[in-house]
Amino acid sequence: MKKNISILFSVLWIVSSCASADKFSLDTSNPLALLVQIAWSVNSVPSSSNTIHFVAVGEKCSSWTSKDGKTWTYSNSKFSGCTDGSVNSIAFGNGTWVAVGALNANGGCGIWSSKDADTWTAASCAPNPSPPNGTSALHNLNTIVYGGTNFIAGGPHNYSTTGVGFFGQISSDGSTWQYLSLTDGSTYIGTDYLYSSSYNSVSSEIYFSGIHNVNPEVVKLTVPALAQSSVSVNMPSSSYGVLALKSGKILLYGDDNYTNPTVGIVKIGTPITTLGSTASANTGVGSHINIAVEGKDKIVVLGNQCKMDYYGLTAQVWHSGAAPDMVGCSRLDWMSLSYNSTLDLYVAGAKVTGTVPTAFGYSTTGLPSDWTLVTQTVAGSPGPGILGIATQ
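With mature numbering (1 follows the signal peptide of the UniProt record, and there is no 0) as the guide, the letters of the sequence shown map in order to residues -21 to -1, 1 to 371.
Written out as structure tokens, the structure reads:
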């Protein structure tokens, strides 16, 4: 009996200590009362199962939310002012979700923010104060990143000459925005645009990349000063994305030929100024690499028509030979990808070809043989492409 009482008091002491660490106030002078309070306290602990861990955005003003990356809720009416536009990218930072895109099929600058991923508020884009040669002062946005203290979004080149910058926006809270010209380096092509961005927490730098026809370059911003430079990276194609890794290294990913890609190409190195002289490597993706993400022990890259590959962070090598297609996948172009470390889960979003519904895929390992696809029939067939996924 004494032994049982001793065990009971030990358990009560441990639980009450944990409760104290979790900011609960418990009366430990009465064991029976303590048991009642513990039961109440445990039931009062917020459940992570009610947390929206993933938000996805896409074509036709679409959005999806998920608590677990497996079951999704679809809507095409969350983004006010968006009519037949594309919501291209989404980021999460400082307790706020921010999505950016085009208001309609002809463009238009769209920015929306939300605290709960359910109620979204449209923000006013800040116009370019000096639009060149009478061009539009506002443009659509293709990519957004949260970099330490600010959200920064990027879009198209402002005009077909050098020195006019790429269209950009910056905000500390996701609600109030200022215009930010992102340096265009050597480009003079009016159709160039930014579509990829990433924050390097090790070097306190933000990178933007996209279509850069004249000379493959990456826009680099140091934070918080926001000093800018255009870094030549010598990629074989004029279309490439950028991903900052947790180690501080930078991954560039694209293809061998912009107009007729036959293989996915990557570069990895640090600092970013060395990537111009860093050798590129082929991957098992037999097309353009659309998106990349870093997980627990590997980098996963995805392309069109179910193509994918992966890089082991410990071995520091890409999967040898031609990478197999994602299991269970058919006619899907993977456009978006995210990794949640709490759930240890990769989540991908697709754009369809043909009349099949669009789909999400999820995996705990990121290996080609370990994906589960979840079709989104409620969004129609063919459904809107899933262009961006963010996680918290």
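For glycine and all other residues, C-beta sits at the position ideal for the given N, C-alpha and C.
Query, Result
"Given 8 Å, three or more beta-carbon pairs between the stretch 198 to 208 and the stretch 155 to 172", "yes"
"Rounded straight-line distance, which links the Cα of Ile251 to that of Gly297", "Note that residue 297 corresponds to Trp in the displayed sequence, not to Gly. Their backbone Cα atoms lie some 20 Å apart in a straight line."
"Cβ-Cβ separation, Thr100 to Leu82 (assumed contact under 8 Å), whole Å", "With 8 Å as the limit, Leu82 and Thr100 do not qualify as a contact, their Cβ atoms being about 15 Å apart."
"Selection from Ile168, Gln148, Gly133 that minimises the alpha carbon distance to Gly142", "Ile168"
"Beta carbon of Thr343 nearer than 7 Å to that of His32", "no"
"Option in Gly64, Asn73, Asn112 with minimal Cα separation from Ile90", "Gly64"
"The stretch 209 to 226 in contact with the stretch 243 to 260 per 3-pair CB rule at 8 Å", "yes"
"Own chain residues within Cβ distance below 7 Å of Gly248, not counting five before or after", "Lys228, Ile229, Leu254, Thr257"
"Contact check, Gly147 vs Gly126, beta carbons under 7 Å", "no"
"Closest by C-alpha distance to Phe145, when choosing among Ser154, Val181, Leu173", "Leu173"
"Assigned exposure category for Ser109 - 16 Cβ within 10 Å defines buried", "exposed"
"Opposing strand residues paired with Glu38 [DSSP bridges]", "DSSP lists no partner for Glu38."
"Same chain, Cβ closer than 7 Å to Gly307, neighbours up to 5 away in sequence not counted", "Trp350, Leu352"
"Reduced DSSP category for Ile278 - H, G, I as helix; E, B as strand; rest coil", "strand"
"Within the stretch 157 to 229, ranges of the alpha helix (DSSP H) (whole runs, at least 4 residues)", "none"
"Residue nearest to Ala70 in terms of C-alpha spacing, selected from Ser176, Lys225, Thr201", "Ser176"
"Residues near Asn129 in its chain [Cβ-Cβ closer than 6 Å; skip 5 each side]", "Ile149, Ser151"
"Pair within 7 Å by beta-carbon distance, Ile270 and Ser315", "yes"
"Assigned secondary structure, Ile251 (DSSP; H/G/I helix, E/B strand, else coil)", "helix"
"Gly48 versus Gly113 - alpha carbon distance", "45 Å"
"Between the CA atoms of Gly263 and Leu231 - distance to the nearest angstrom", "15 Å"
"Beta-carbon contacts of Tyr318 that lie in its chain and below 6 Å, excluding the five residues immediately before and after", "Val272, Gly274, Tyr325"
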